[in-house]
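This report concerns only the one structure given below.
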């Protein structure tokens with residue numbers, strides 16, 4: 454009996470992995486629909502772009518795909534004229550949050566203020582009930598991964 458109990462996780466693990474992968478694929482599908490909608494009409498948004506001078510600004514762009522379509526919220530902050538933080542939130546047609554892509558870009562100060570840009574990227578996947586499915590994080594420089602956190 455004990456062997457059977459120990460073997461049960463091995464039997465059900467592939468089914469759980471498939472369910473998780475199916476949920477991740479659903480989120481990716483929503484993200485693809487969100488990015489396609491914004492790419493088709495990049496200037497069709499409501500919101501604001503404010504400039505506070507001295508290198509500080511913020512942007513708030515809400516892209517509404519209409520009835521039964523995805524929604525996208527893009528928030529951008531410019532910090533001291535050298536760093537930029539952008540959070541892009543993708544909502545399913547039913548209004549539930551599917552995905553957040555967050556990226557902060559700044560000079561790699563180890564190389565000096567004029568050094569190459571370094572990005573801190575984060576990806577958060579959510580199921581339709583709002584449960585966090587996956588978190589991915591990385592630091593990249595010049596398109597290549599420097600660190601995974």
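In the working numbering, the protein residues as written are 454 to 602.
The beta-carbon is built from N, C-alpha and C at its ideal position, and this holds for glycine as well.
- Three or more pairs of CB atoms, one per stretch, sit closer than 8 Å, so the stretch 501 to 514 contacts the stretch 530 to 548.
- In the structure shown, residue 567 adopts coil according to DSSP, grouped into three states.
- Non-local C-beta neighbours of residue 575 in its own chain, meaning closer than 6 Å and more than five positions away in sequence, comprise 555 and 590, ordered along the chain.
- Between residue 523 and residue 546, the gap from beta carbon to beta carbon is short of 7 Å.
- The beta carbon of residue 497 is closer than 8 Å to those of 516 in its chain, skipping five residues each way along the sequence.
- If you look at residue 560, you'll find it in the beta strand (DSSP E) that goes 550 to 560.
- DSSP places residue 536 in the strand class (E or B) of the three-state scheme.
- For residue 483, the secondary structure class from DSSP, reduced to helix, strand or coil, is helix.
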